[in-house]
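Participant:
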Amino acid sequence: MEDNQNIRLNQNIHFCASCKSENIQKLALAYMSGSSQTKGVGLGVGIGGSIGLGAGMGTNQTLLSNMVAPPKITSPFVGALGIWFLAFFIYTALAVSMPQNMNILSSLLVVIAFVATFWPPIKFYRYLTAKNKTLMEEYNKKYICLRCGNIFKLD
Ligand SMILES: [Zn+2]
Numbered sequence: 550m551e552d553n554q555n556i557r558l559n560q561n562i563h564f565c566a567s568c569k570s571e572n573i574q575k576l577a578l579a580y581m582s583g584s585s586q587t588k589g590v591g592l593g594v595g596i597g598g599s600i601g602l603g604a605g606m607g608t609n610q611t612l613l614s615n616m617v618a619p620p621k622i623t624s625p626f627v628g629a630l631g632i633w634f635l636a637f638f639i640y641t642a643l644a645v646s647m648p649q650n651m652n653i654l655s656s657l658l659v660v661i662a663f664v665a666t667f668w669p670p671i672k673f674y675r676y677l678t679a680k681n682k683t684l685m686e687e688y689n690k691k692y693i694c695l696r697c698g699n700i701f702k703l704d
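This is the structure we're talking about:
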């Protein structure tokens, strides 16, 4: 038994911190297998013929699915586009308030201001990309214990 323990440690097998079970699974994998289990539940409902039980099982399945679901990711492109519309709106408001008889300098300023509207969306795009990467890295470190449902992080 003592040797067995050592071998396990050498193989770097992880345990659930709360119930010491080895029956743990990556959240990402649990999420994928969860979607196939849902079909099984549907079939079970048909055989059982109990709608009440079926609904309850369905809810539990959804709950588990939500627990192991990947983080909500904002598309960097959509986010950046939103910021650009905002910047462009401010730009338009400023450009409209410019005097009608523009000299070369103020025309140049308008062009520069237009180019500048792309700066915040680019920054935001980079920010979202980095944030999404971190979120997914954190998610990929997370495991669920299939025995007690404990969710924990392993590095
Ligand atoms: Zn556990």
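Residue numbers for the sequence shown follow the numbering used here, beginning at 550 and rising by one. No residue lacks a Cβ here, since even glycine has one placed at the ideal position from N, Cα and C.
#1: Would DSSP call I700 helix, strand or coil?
#2: V696 and S570: beta carbons closer than 9 Å?
#3: Classify W668 as buried or exposed, calling it buried when 16 or more other Cβ atoms lie within 10 Å of its own Cβ.
#4: Buried or exposed: L612, going by 16 or more other Cβ atoms within 10 Å of its Cβ?
#5: Around the Cβ of L578, are there at least 16 other Cβ atoms within 10 angstroms (buried) or fewer (exposed)?
#6: Mark K588 as exposed unless 16 or more other C-beta atoms lie within 10 angstroms of its C-beta, in which case mark it buried.
#7: Determine whether the beta carbon atoms of I622 and M685 lie at a separation below 9 Å.
Facilitator: Judging by the given coordinates:
#1: Looking up residue 700 in the sequence shown gives position 151. Looking at I700 - three-state DSSP - the assignment turns out to be strand.
#2: Looking up residue 696 in the sequence shown gives position 147. Looking up residue 570 in the sequence shown gives position 21. In the sequence under discussion, the amino acid at residue 696 is Arg, which differs from the Val named in the question. Yes, these two residues count as a Cβ contact at 9 Å.
#3: Working through the sequence shown from its first residue, we reach residue 668 at position 119. Classification of W668: exposed, given that the 10 Å Cβ count is below 16.
#4: Mapped onto the sequence shown, residue 612 falls at position 63. L612 comes out exposed.
#5: The residue you call residue 578 lines up with position 29 of the sequence shown. Label assigned to L578: exposed.
#6: Here residue 588 refers to the residue found at position 39 when the sequence shown is read from its first residue. Low per-residue confidence applies at K588: pLDDT is 42, beneath 50, and the placement is therefore not dependable, though the value from the model is reported in the following sentence. By the 10 Å Cβ count, K588 comes out exposed.
#7: Your numbering for residue 622 matches position 73 in the sequence shown. Your numbering for residue 685 matches position 136 in the sequence shown. Contact flag set, yes.
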